[in-house]
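Converting from the sequence shown to my numbering requires adding 2 to each position, the first position being numbered 1.
Even glycine gets a Cβ: it sits at the ideal position worked out from N, Cα and C.
Heads up: the structure comes next, in structure tokens.
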Amino acid sequence: MSRRQLALMAAAGLVLAAAVLTPAATADTPAPHADILVTYRVPIRHAQDAQTLIAAGYDVLERREGNDLFVLGDPTTADSLRHIGFSPTAVRTQPRPTPNTARPAVGDTYHGGYRTVDGNYAHLDQVAAQHPDLATVVTYGQSWRKKQDSAGGRDLKAVCVTKLRPGDCALVPNADKPRFFLMGQIHAREITTGEVALRWIDELTTQYGKDADITKLMDTTEMWVVPIANPDGVDIVASGGDNPVLHRKNANDSHGATCGRRGQIGIDLNRNSGTHWGGLGTSRQPCGQEYLGPAADSEPETTALEGLFRQLYPAVRTGTENGDPAPADARGMMITLHGDANLVLLPWGFDHTAHTGSDFALRALASELGSLTGYKSGQAGELLYDASGGTDDWTFDKLGLASFTIEVGDSDGRGCDGFAPPYSCQDSYFWPKMKPALLYAAQHAAAPYQTTVAAKG
Numbered sequence: 003m004s005r006r007q008l009a010l011m012a013a014a015g016l017v018l019a020a021a022v023l024t025p026a027a028t029a030d031t032p033a034p035h036a037d038i039l040v041t042y043r044v045p046i047r048h049a050q051d052a053q054t055l056i057a058a059g060y061d062v063l064e065r066r067e068g069n070d071l072f073v074l075g076d077p078t079t080a081d082s083l084r085h086i087g088f089s090p091t092a093v094r095t096q097p098r099p100t101p102n103t104a105r106p107a108v109g110d111t112y113h114g115g116y117r118t119v120d121g122n123y124a125h126l127d128q129v130a131a132q133h134p135d136l137a138t139v140v141t142y143g144q145s146w147r148k149k150q151d152s153a154g155g156r157d158l159k160a161v162c163v164t165k166l167r168p169g170d171c172a173l174v175p176n177a178d179k180p181r182f183f184l185m186g187q188i189h190a191r192e193i194t195t196g197e198v199a200l201r202w203i204d205e206l207t208t209q210y211g212k213d214a215d216i217t218k219l220m221d222t223t224e225m226w227v228v229p230i231a232n233p234d235g236v237d238i239v240a241s242g243g244d245n246p247v248l249h250r251k252n253a254n255d256s257h258g259a260t261c262g263r264r265g266q267i268g269i270d271l272n273r274n275s276g277t278h279w280g281g282l283g284t285s286r287q288p289c290g291q292e293y294l295g296p297a298a299d300s301e302p303e304t305t306a307l308e309g310l311f312r313q314l315y316p317a318v319r320t321g322t323e324n325g326d327p328a329p330a331d332a333r334g335m336m337i338t339l340h341g342d343a344n345l346v347l348l349p350w351g352f353d354h355t356a357h358t359g360s361d362f363a364l365r366a367l368a369s370e371l372g373s374l375t376g377y378k379s380g381q382a383g384e385l386l387y388d389a390s391g392g393t394d395d396w397t398f399d400k401l402g403l404a405s406f407t408i409e410v411g412d413s414d415g416r417g418c419d420g421f422a423p424p425y426s427c428q429d430s431y432f433w434p435k436m437k438p439a440l441l442y443a444a445q446h447a448a449a450p451y452q453t454t455v456a457a458k459g
């Protein structure tokens, strides 16, 4: 790393710390302009520029256009970016919603129809009650708030969807049926992802016995779904009602309780996994959006999710080097949904110059998923920026599971972009776009590394 880059990182840290930690920016006394959110287009000259922004704690969005990244801040963010050598241009201004740190009293929906945690969990229970031969709800852990005995804490919920027969949906890694795993809202503010996950559950349960492809899939495969992997964070998002709070992380406030309205409490659960933790694409600023936490696997949401994966899938990738492959006959596939960069990403996410030993097969499968969604495919650092400690890196590294991130977004200019698009976009745009890709992935969970496209190499 050059002296200039080191200097930029140090300066960025000082500037951001001044912005979020001074008395003027505390939660009790909001700083000037704290009620306004501004999205900035920020040209970068080198890959290291992205890491400088992230490490300093800036809210670097999952969006890139050519050599331009996008940063979410307030009117004072432009000056701090210029101070460290960047040339930001404001492209969007919006009011900042006020978060409610308690569980939101907004019923089962918010922002036009999006499900709150209560609404989401009620829907899972309803599906299981209406289709007892097709769906089973599982509690796999507790959120950070619940671990603190907080009244606002949550259980962590998953649902197994299949045509149930004896032994199905058991928490054992060597199940008879192959398993496809889908998860949403590990980043709470990416609210489309939870809705896509619920529609996948509904499609499977309502179309069984009606649609030949769904019926065959349900007879032969277990579909595991975690619609909300970060329920404490979603409670904060939903507390804004029709103006959702853009909260990304969990609700752990023990490392940055004085972040104020320019920063954000919590740990980024997609930087907290115990694989290549602490590398590129993370921040050690507790109030930063990509704050990785005090240690790998420090958060109960992370360890509970990893525990569920270990219960569902055998650890078939026995090598420990980055280039060691998964066995060609490994079963299972995992997709984690994010928003809203219009991308399909494959491991490794922590460093785009490193490739897995299963790179050809993973890249081929990602390309197929990209064709079905209209999204570009590749490693995170090839298309966006490197990001360490992510879920998909962990599931491939520790288990050999064919793993992908789909950044669900509006690639067609339909007015459905951003973290909180109109609710009507879910049925009119996102679900028709995502359904073919999810069906394809689930159909190939039995032998992902041996599919036609993956085996051509």
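Which full runs of the alpha helix (DSSP H) of 4+ residues lie inside the segment 234-312, going along the chain? none
Work out the CA separation of residue 148 and residue 29 for me, nearest whole Å. One-based indexing of the sequence shown puts residue 29 at position 27. One-based indexing of the sequence shown puts residue 148 at position 146. Low confidence applies to residue 29: its pLDDT is 32, below 50, so where it sits in the model is not reliable, and the reading given next is rough at best. C-alpha separation (whole angstroms): 23 Å.
Straight-line gap, residue 76 to residue 380 (C-alpha atoms, nearest Å): Walking along the sequence shown from the start, residue 76 turns up at place 74. Walking along the sequence shown from the start, residue 380 turns up at place 378. Looking at the two C-alpha atoms, the distance is approximately 32 Å.
Whether or not the segment 413-424 and the segment 347-354 are in contact is what I'm after, with contact meaning three or more pairs of Cβ atoms, one per stretch, closer than 8 Å; do they touch? no
Residue 368 CB to nearest heavy atom of the ligand HEM below 7 Å: The ligand HEM is not part of this structure, which contains no ligands at all.
Quick one: using the 10 Å Cβ neighbour count with 16 as the cut-off for buried, is residue 85 buried or exposed? Walking along the sequence shown from the start, residue 85 turns up at place 83. So residue 85 ends up on the exposed side.
Please report the Cβ distance between residue 225 and residue 444, rounded to the nearest whole angstrom; I am assuming they are in contact, meaning their Cβ atoms lie under 8 Å. Along the sequence shown, read from residue 1 onward, the residue named residue 225 stands at position 223. Along the sequence shown, read from residue 1 onward, the residue named residue 444 stands at position 442. 6 Å between Cβ atoms; contact.
Roughly how many whole angstroms lie between the Cα atoms of residue 307 and residue 276? Numbered from its first residue, the sequence shown carries residue 307 at position 305. Numbered from its first residue, the sequence shown carries residue 276 at position 274. Taking the straight line from one Cα to the other gives about 12 Å.
So the beta strand (DSSP E) residue 406 belongs to, where does it begin and stop? The residue given as residue 406 occupies position 404 in the sequence shown. That run of the beta strand (DSSP E) goes 404-409.
Close Cβ partners of residue 144 (< 8 Å) along its chain, the five nearest in sequence each way excluded: Your numbering for residue 144 matches position 142 in the sequence shown. Excluding residues within five positions, the ones whose Cβ falls inside 8 Å are 155, 156, 157, 158, 302 and 306.
Once DSSP output is grouped into helix, strand and coil, what is the label at residue 97? On the sequence shown, position 95 is the one that residue 97 refers to. It is a strand residue.
Smallest Cα separation from residue 252: which of 128, 65, 194 and 190? To locate residue 252, count along the sequence shown from 1; it is residue 250. Closest by alpha carbon: 190.
By how many angstroms is the C-alpha of residue 206 removed from the C-alpha of residue 449? As a working mapping, residue 449 is identified with position 447 in the sequence shown. As a working mapping, residue 206 is identified with position 204 in the sequence shown. Cα to Cα, residue 449 sits roughly 21 Å from residue 206.
Between residue 407 and residue 246, what straight-line distance do the alpha-carbon atoms span, to the nearest angstrom? As a position in the sequence shown, residue 407 is number 405, starting the count at 1. As a position in the sequence shown, residue 246 is number 244, starting the count at 1. Straight-line Cα distance between these residues: approximately 24 Å.
Please say whether residue 99 and residue 38 have beta carbons closer to each other than 8 Å? Walking along the sequence shown from the start, residue 38 turns up at place 36. Walking along the sequence shown from the start, residue 99 turns up at place 97. Cβ distance not < 8 Å, so residue 38 and residue 99 don't count as in contact.
In angstroms, rounded to a whole number, what distance separates the CA positions of residue 138 and residue 368? As a first step, residue 138 is located in the sequence shown; it is residue number 136 there, counting from the start. As a first step, residue 368 is located in the sequence shown; it is residue number 366 there, counting from the start. About 29 Å.
Ordered list of alpha helix (DSSP H) runs contained in the segment 405-452, each at least 4 residues: 433-445
Check whether the segment 259-273 touches the segment 201-221, counting contact only when three or more Cβ pairs, one atom from each stretch, lie closer than 8 Å. no
Whole-angstrom distance between residue 42 and residue 78, CA atom to CA atom: Here residue 78 corresponds to residue number 76 of the sequence shown, with the count starting at 1. Here residue 42 corresponds to residue number 40 of the sequence shown, with the count starting at 1. Straight-line Cα distance between these residues: approximately 11 Å.
Between residue 160 and residue 227, how many whole angstroms is the CB-CB distance? I'm expecting something under 8 Å. Residue 160 sits at position 158 when you count from the first residue of the sequence shown. Residue 227 sits at position 225 when you count from the first residue of the sequence shown. That belief holds up - the Cβ atoms of residue 160 and residue 227 are roughly 7 Å apart, short of 8 Å.
Within 10 angstroms of its Cβ, does residue 355 collect 16 or more other Cβ (buried), or is it exposed? Here residue 355 refers to the residue found at position 353 when the sequence shown is read from its first residue. By the 10 Å Cβ count, residue 355 comes out exposed.
Could you tell me which residues DSSP puts in a beta bridge with residue 337? Within the sequence shown, the letter at position 335 stands for residue 337. DSSP output for residue 337 lists 184 and 406 as bridge partner(s).
Quick one: give me the first and last residue of the beta strand (DSSP E) that residue 65 is part of. Numbered from its first residue, the sequence shown carries residue 65 at position 63. It spans 61-67 - the beta strand (DSSP E) in which residue 65 sits, taken as one unbroken run.
Residue from 50, 61 and 429 with nearest C-alpha to residue 287: Within the sequence shown, numbered from 1, the residue matching residue 287 stands at position 285. Considering only alpha carbons, the answer is 61.
State the start and end residues of the unbroken beta strand (DSSP E) segment that holds residue 43. The residue labelled residue 43 in the question sits at position 41 within the sequence shown. Taken as a continuous stretch (DSSP letters only), the beta strand (DSSP E) holding residue 43 covers 38-45.
Taking the DSSP output, what are the residues bridged to residue 370? As a position in the sequence shown, residue 370 is number 368, starting the count at 1. Looking at the DSSP assignment, residue 370 forms no beta bridge with any residue, so it has no partner.
So is residue 372 buried or exposed if we call it buried at 16+ other beta carbons inside 10 Å? Working through the sequence shown from its first residue, we reach residue 372 at position 370. Buried: at least 16 other Cβ atoms inside 10 Å.
From 385, 279 and 203, residue whose alpha carbon lies closest to that of residue 133: As a first step, residue 133 must be located in the sequence shown, where it is residue number 131. It is 203.
Measuring straight from C-alpha to C-alpha, what distance separates residue 24 and residue 241? On the sequence shown, residue 24 is found 22 positions in, with the first residue counted as 1. On the sequence shown, residue 241 is found 239 positions in, with the first residue counted as 1. Bear in mind that a pLDDT of 29 at residue 24, under 50, signals an unreliable position, so the number given afterwards is only what the model happens to contain. Using only the alpha carbons, I get a separation of about 26 Å.
Would you call the segment 310-323 in contact with the segment 417-437, where contact means no fewer than 3 C-beta pairs closer than 8 Å? no
Can you check DSSP and say which residues form a bridge with residue 92? Residue 92 sits at position 90 when you count from the first residue of the sequence shown. Bridge partners of residue 92: 42.
Can the beta-carbon of residue 146 be found closer than 8 Å to that of residue 254? Mapped onto the sequence shown, residue 146 falls at position 144. Mapped onto the sequence shown, residue 254 falls at position 252. In this structure, residue 254 lies closer than 8 Å to residue 146 by Cβ.
On a CA-only basis, which of 52, 267 and 197 is nearest residue 70? Give me that one, please. Locating residue 70 in the sequence shown gives position 68, counting from the first residue. Closest by alpha carbon: 52.
Quick one: grab the DSSP three-state call for residue 222. As a working note, residue 222 is residue 220 in the sequence shown. The answer is helix: DSSP assigns residue 222 an H, G or I state.
Close Cβ partners of residue 441 (< 6 Å) along its chain, the five nearest in sequence each way excluded: Counting from 1 along the sequence shown, the entry for residue 441 is found at position 439. Nothing listed; no residue qualifies.
Whole runs of the beta strand (DSSP E) within the segment 135-188, excluding any shorter than 3 residues: 137-144, 157-163 and 181-185
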